[in-house]
Structure formats: structure tokens, C-alpha cells
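K.L.:
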Amino acid sequence: MYTALYRAQRPEVFSEILGQEHIVKILKHQIATDSVNHAYLFCGTRGTGKTTTARILAKAVNCLEDGDRPCGRCANCMAIKDGSFMDVIEIDAASNNGVENIRELRESVKYPPAVGRKKVYIIDEVHMLSTGAFNALLKTLEEPPENVIFILATTEPQKLPATILSRCMRLDFKRVPQNILVEGMGRICRDKGVNITEGALKLLANAADGSVRDGLSILDQVLASGEKNVDREKVLEYIGAAGEDFYIDLTELVSLKKVAEALVLLDGALADGKDVKQMMKDWTSHYRNLLITKFIKSPEDILNMSAENIQRIQEQSHHISLEEINDAIIRLSKTINDARWSTQPRILLELAIVAIATDLVEEGTAPRRERHIRQAAPVSQPAAKTQAPAPQAVYEEHGPEVEAAPASQTGTAAVMVSSADNDALWHEVFEEGEDGAGSFNLIRNGTVLACVDEKNFTVIAKTAFAKKFTEQKREDIEKIMARKLGRPVRMLCYAEGESIPGQPAAAKQEEDLDALAKQASDILGIDIEFE
Numbered sequence: 003m004y005t006a007l008y009r010a011q012r013p014e015v016f017s018e019i020l021g022q023e024h025i026v027k028i029l030k031h032q033i034a035t036d037s038v039n040h041a042y043l044f045c046g047t048r049g050t051g052k053t054t055t056a057r058i059l060a061k062a063v064n065c066l067e068d069g070d071r072p073c074g075r076c077a078n079c080m081a082i083k084d085g086s087f088m089d090v091i092e093i094d095a096a097s098n099n100g101v102e103n104i105r106e107l108r109e110s111v112k113y114p115p116a117v118g119r120k121k122v123y124i125i126d127e128v129h130m131l132s133t134g135a136f137n138a139l140l141k142t143l144e145e146p147p148e149n150v151i152f153i154l155a156t157t158e159p160q161k162l163p164a165t166i167l168s169r170c171m172r173l174d175f176k177r178v179p180q181n182i183l184v185e186g187m188g189r190i191c192r193d194k195g196v197n198i199t200e201g202a203l204k205l206l207a208n209a210a211d212g213s214v215r216d217g218l219s220i221l222d223q224v225l226a227s228g229e230k231n232v233d234r235e236k237v238l239e240y241i242g243a244a245g246e247d248f249y250i251d252l253t254e255l256v257s258l259k260k261v262a263e264a265l266v267l268l269d270g271a272l273a274d275g276k277d278v279k280q281m282m283k284d285w286t287s288h289y290r291n292l293l294i295t296k297f298i299k300s301p302e303d304i305l306n307m308s309a310e311n312i313q314r315i316q317e318q319s320h321h322i323s324l325e326e327i328n329d330a331i332i333r334l335s336k337t338i339n340d341a342r343w344s345t346q347p348r349i350l351l352e353l354a355i356v357a358i359a360t361d362l363v364e365e366g367t368a369p370r371r372e373r374h375i376r377q378a379a380p381v382s383q384p385a386a387k388t389q390a391p392a393p394q395a396v397y398e399e400h401g402p403e404v405e406a407a408p409a410s411q412t413g414t415a416a417v418m419v420s421s422a423d424n425d426a427l428w429h430e431v432f433e434e435g436e437d438g439a440g441s442f443n444l445i446r447n448g449t450v451l452a453c454v455d456e457k458n459f460t461v462i463a464k465t466a467f468a469k470k471f472t473e474q475k476r477e478d479i480e481k482i483m484a485r486k487l488g489r490p491v492r493m494l495c496y497a498e499g500e501s502i503p504g505q506p507a508a509a510k511q512e513e514d515l516d517a518l519a520k521q522a523s524d525i526l527g528i529d530i531e532f533e
């Protein structure tokens, strides 16, 4: 019977584990000094070697050799490999997650090892245990009988109770670097007599996303074809992905708002058998490539593609704005998430194409803010008669014309934008802030963004409580505003009714407007009234 690659290539000793040198170093030192912990928690994404490392550790503590352990050759090591060793018990917590299962475990723990030095319990997907099961495990986990080791493995450590976490030595497994995956899969292909190109290996490693098991599963699919010469195009065909040309053309059509042509292009790719969910991921990666090429002059080491395609992406990134890239990535990321539960992912992708091309905005989200750069100079001095100060780059919304207010006490020219634009910017601040702190909701409706200048932004709080709470969140708000505006800014917060330094009172503002209206009326000979 054929054995899948991820099983046939499973490491049997510490030296064969890929990409987890920090964990191997800790475990080997503990084994050499006989200081192995009684409980471990192995955390990390799927396919990074948690269960495999747990088995190797079980071999090491029961190995019959005196030298470097585990040897992988002695009777105990071979029995653990075959799954017939009585003192290594593997439990799947996903299907054995009740209190009665843990009670059985507690009873069996009392008995000493039958064959080896240590009795090892490997509990996989431990986050699936019920609350009652966790409580039943606590005391045994904290003070297990002598010669008993617990190894808990999970992809979601945040779901474990703090009482469990505090009783284990936690080891975090990293995603395996792409170059290590490329080297490992290249060795397997050479051993099987398959000639595979470097580009194909990089594409496989990129699709694995740091998971050794995922990478070997995809490679197994490619090798199952019996091909002795494998290139990048064949890998794209096997994994159901489209080539870079497709995403360059699709992005171009969407950028030009040619919705019909974009939908026809998508239909052709799907008719050729391409996987719609894979296309969502790859199109997101294409926008990421556009982002990279906007800021990095020589992206060859970062982007896994040919020099010709990199040049085409660089050319495309010149006429696609950063905001368009940002909106597309956010829209596609949401589409990928929604597609996980949908029976019609194609419709979701088609909707994403329409939304990106037409700037469609979902209900409850801020509209896309079209921006351009203008020169902001103080209006008190005519530019033709005096030397203008260095121009300041100011983001301006499409809408009412921006006017530079008189310099404040700090000497900075305030940029007065329309209230609608301020509301949109303030909305974005809270949308981002809520991801890190739900308490942002408390000040969402109690504050208004009054104005923004080069160094400061002014917030008006409707109540004293809202002002106090806004001040408490000063650091978070200033960081988010700095990211939005592209420069460091300081928050000035005032309660409603307080006078703002550097700005005239409301009555004085009305008088100034009336005087200005009268002046204009005298010059133009018509009645002018400011609302």
C-alpha cells in the first residue's frame, strides 16, 4: 500500500526536524542533562511538527542507547514509530473531550511504565477539551506521578485556560521558512528521479505557507502524475492556480473599471478548471506584490516570480494608487473569509470584482476617500510678492475647497476640511481602534474631529466624561491618526463650549464673516450672505 509523502518523510530523530532549531536545542539539552519537564505545551500552526516532535521526545526519554538520543534504531524507538509501544499513549482531544475520558486517563496514570523509563501521554488538539475535562486534568497535570510526562499539542493556545498554561512548559513552533521547504522538497524529488525547476519548488513552498505537511501533500499530488520533468506551469495546473499574466490582466481591467471584461476573463479561467478559492488568495498576493514594488526598487529576493513578471508588476504599480491597493486587499480578505462558509464562492469573487472596480462601499463602512496633493501656504501673504514658505503636503478630500486658516499660537497653519471629510477620517480611526480595544466604542459618539493641521488634530468632546476618556486613549488615537495621515501628530482635546487657543470665539467668527460679506458686497455690487 502506498504511503503518503508526509508520512513517509516524517522525521524520526531530532536532526531531521525542519525549521524548529530553537525547540530542538531546548529538548536535546534537557535530555542530555536529565532535566525533562513533566508537562509541555506545543503550540503552532498546522503541519509545523508538533505531534512529530512529541513522538521524538517520547522516543528520547525511552531510548535504550546511551549516546545521542533518540537513536531511532533500538527496539523502543522502533516500537514507538510503529505505534505499538505500551507506554506512549496518544489521545485525540477532538473526539475524546469529555470528563469521563480524562477520568480514565487519571486512573491509568497511577500505573508505572510497563516497558520503558517514562510513560508519555500525547494529547493532540487539546483546546477541544471541555471545561469540565480541563478541570479534571488540572491536579494530575500539576503533580503527575513519577516517570509520567504530558505533552499537549494545539493550534489555538488562546483557548486554553490560564490554569493549564501555567502548569506547562510552552514551546512555540514557527512556520517553516520557504528556503528550507524548497531544499527539503528538492531532495525528495532528486531521490525519486524527478527533475523539478527552482521556480516550481518556490511555488510549492509558497503554497505550503510554512506548513511542511501541506507542502508535502501538494508535492505528492504533483508527483502522482508520473511526470519526470516538472516546471512552474505544471505546478500551477496541478494546484488549480492561474498564472501571473491572468492577475495582471484582471487587475488592469478592474483598475480601468471595465467590469464586463473582467467578469468574462474570470469566467474563462474558471471554465479551464481553476479553483476559485485559490484564485482569491493568489489575487490578494498579486496586490501585495504591487504594494512591495511600490516601495522596493529591487524586489527580486522578495517576490517569487520571473524577472519579466516582476518588471510587468512594477510597471502596473506605477499607475495603481496605494489606496486602491489597500481597498482591494481589504475587500479580497473579507471575501476569502466569507468563502469559507459559502456554497457559491464564485459569486462572492464576482461581487468583489464589481465592488473593487466601481468603488462599491458596504453599509457601515467609510467611503473611499479620493485624495490628491495640493500646496498649502498661508493666505496672509500674496505668493507673487513674497517668497513662499516651503510647501506642505496636505491630504485633501474631493469636496469643498480647502482653505488655510491663520497661523495658531504654535505657528502651524491649520487645514480646515469639510465636516463630512473629518467624519469619514474619524470613522476610520474608530474602525481600526476597535480591533485593538473594544472600549473605543465608549467615545465613538461622544467626540467630533474638528480640524487637522500639520502637527495637531483637534477633538471636541460633547461631555466632560467623553473628554476624560478620550485623554486616556490619547496614545492609541495619536498612533492611528499618524498612520492615517502619514506623519506624527498630537491630539488637542477640548470639551464642548471651551475656547480653543488660536481660534476666535464663535461670536467673533460671525462678526468677521459679516464684515467680510459687507466688503465683498461693496466691491461686487451684489448682496452676499454667508450661511
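Sequential numbering of the sequence shown, starting at 3, is according to this note's numbering. Ideal Cβ positions, reconstructed from N, Cα and C, are used throughout, including at glycine.
Going by alpha carbons, who is nearest to THR133 out of HIS321, ALA116, THR157 and VAL101?
P.N.:
The residue with the shortest Cα to Cα distance from THR133 is VAL101.
K.L.:
What is the DSSP secondary structure of ALA95, counted as helix, strand or coil?
P.N.:
Residue state, collapsed to three classes: coil.
K.L.:
Kindly indicate which three-state DSSP category TYR4 falls into: helix, strand or coil?
P.N.:
Coil.
K.L.:
Inspect the CB distances between the segment 281-296 and the segment 232-245 and report whether three or more fall short of 8 Å.
P.N.:
Yes, they touch.
K.L.:
Find out if the Cβ-Cβ distance for the pair PHE248, ALA271 is shorter than 8 Å.
P.N.:
Cβ atoms of PHE248 and ALA271: closer than 8 Å.
K.L.:
Is the separation between the beta-carbon of ARG172 and that of ASN149 shorter than 8 Å?
P.N.:
Not in contact: ARG172 and ASN149 (Cβ atoms no closer than 8 Å).
K.L.:
Helix, strand or coil for THR295, going by three-state DSSP, please let me know.
P.N.:
In the structure shown, THR295 sits in a helix (DSSP, three-state: H, G or I).
K.L.:
Return the CA-CA distance between ALA580 and LEU221, expressed in angstroms with no decimal places.
P.N.:
There is no way to answer for residue 580, as the model of the chain reaches only from 3 to 533.
K.L.:
Where does THR388 land, buried or exposed, given buried means 16+ other C-beta within 10 angstroms?
P.N.:
Note on THR388: pLDDT 38, under 50, position unreliable in the model; the coordinate value appears next. With fewer than 16 Cβ atoms within 10 Å of its Cβ, THR388 is classed as exposed.
K.L.:
Classify VAL461 as helix, strand or coil using the three-state DSSP reduction.
P.N.:
VAL461 falls in the strand class under three-state DSSP.
K.L.:
Which of helix, strand or coil does DSSP assign to LEU66?
P.N.:
Three-state DSSP puts LEU66 in coil, outside helix and strand.
K.L.:
Measure the C-alpha to C-alpha separation of GLY51 and THR286 and round it to an integer number of angstroms.
P.N.:
If you take the alpha carbons of GLY51 and THR286, they lie about 28 Å apart.
K.L.:
Give me the Cα-Cα distance between ALA138 and HIS40, rounded to the nearest whole angstrom.
P.N.:
So the two alpha carbons sit approximately 17 Å from each other.
K.L.:
Measuring only the C-alpha atoms, how far is GLU434 from TRP428?
P.N.:
Cα to Cα, GLU434 sits roughly 10 Å from TRP428.
K.L.:
Beta carbon of LEU255, beta carbon of LEU267: below 8 Å?
P.N.:
Yes. Within cutoff.
K.L.:
Am I right that CYS45 and THR156 are in contact with their C-beta atoms under 8 Å? What's the rounded C-beta distance?
P.N.:
Their Cβ separation, rounded to whole angstroms, is 6 Å, which keeps CYS45 and THR156 in contact under 8 Å.
K.L.:
Tell me the DSSP bridge mates of VAL540?
P.N.:
Because residue 540 is not part of the residues shown, which for the chain are 3 to 533, the question remains open.
K.L.:
Looking only at its chain, what residues have a beta carbon closer than 6 Å to the beta carbon of GLU364, apart from the 5 residues adjacent to it on each side?
P.N.:
Confidence is the limiting factor: at GLU364 the pLDDT is only 49, short of 50, which leaves the residue's position unreliable, though a coordinate-based value still follows. Same-chain partners within the cutoff: there are none.
K.L.:
Based on DSSP bridge pairs, tell me the residues matched to MET80.
P.N.:
DSSP, once it has assigned bridges, lists no residue as partnering MET80.
K.L.:
Who does ILE151 pair with in a DSSP beta bridge?
P.N.:
Partner(s): VAL122.
K.L.:
What is the rounded straight-line gap between the Cα of ILE28 and the Cα of PHE87?
P.N.:
Whole-angstrom Cα-Cα distance: 25 Å.
K.L.:
Buried or exposed for GLY275, please, with buried defined as at least 16 other CB atoms from any protein chain shown within 10 angstroms of its CB.
P.N.:
With fewer than 16 other Cβ atoms within 10 Å, it is exposed.
K.L.:
With a cut-off of 8 Å on the beta carbons, I'd call ILE315 and LEU292 a contact; round off their distance for me.
P.N.:
Between LEU292 and ILE315 the Cβ distance is about 6 Å, and since that is below 8 Å, they are a contact.
K.L.:
In this structure, how does DSSP classify PRO506 when only helix, strand and coil are distinguished?
P.N.:
In this prediction, PRO506 scores a pLDDT of 48, lower than 50, which makes its location untrustworthy; the coordinate-derived value is nonetheless stated afterwards. PRO506: coil per DSSP, three-state reduction.
K.L.:
Looking at the strands, I want to know which residues DSSP matches up with TYR42.
P.N.:
Answer is ILE153 and MET171.
K.L.:
Does DSSP classify ILE332 as helix, strand or coil?
P.N.:
Helix at ILE332.
K.L.:
With DSSP as the reference, identify every bridge partner of ILE182, one or two as the case may be.
P.N.:
In the DSSP output, where bridge partners are listed per residue, ILE182 has none listed.
K.L.:
Tell me whether ALA392 is buried or exposed, calling it buried when 16 or more other Cβ atoms sit within 10 Å of its Cβ.
P.N.:
Interpretation of ALA392 is limited by its pLDDT of 39, a score under 50 that renders its predicted location unreliable; the figure taken from the coordinates is listed afterwards. Exposed: under 16 other Cβ atoms inside 10 Å.
K.L.:
Confirm, please, whether the CB-CB distance from GLU127 to ASP94 is below 8 Å.
P.N.:
Their beta carbons are under 8 Å apart, which means ASP94 touches GLU127 by this criterion.
K.L.:
Just mark ALA202 as buried or exposed, buried being the case when its beta carbon has 16 or more other beta carbons within 10 Å.
P.N.:
By the 10 Å Cβ count, ALA202 comes out buried.
K.L.:
Tell me whether LEU20 sits in a helix, a strand or coil according to DSSP, three-state version.
P.N.:
If DSSP states are grouped into helix, strand and coil, LEU20 belongs with coil.
K.L.:
Alpha carbons only, please: which of GLU235, LEU66 and LEU43 is nearest the one belonging to LYS161?
P.N.:
Closest by alpha carbon: LEU43.
K.L.:
Whole angstroms are fine: how far does the CA of LEU20 sit from the CA of LEU183?
P.N.:
One C-alpha to the other measures close to 8 Å.
K.L.:
Starting from TYR496, trace the beta strand (DSSP E) both ways and give me its first and last residue.
P.N.:
Where TYR496 is concerned, the enclosing beta strand (DSSP E) stretches over 492-497.
K.L.:
Using 8 Å as the threshold, is the segment 69-85 in touch with the segment 6-18, meaning 3 or more CB pairs across them?
P.N.:
Touching, per the Cβ criterion.
K.L.:
Report yes or no: do three or more beta-carbon pairs, one from the segment 55-66 and one from the segment 180-196, lie closer than 8 Å?
P.N.:
Cβ pair count under 8 Å is below three, so no.
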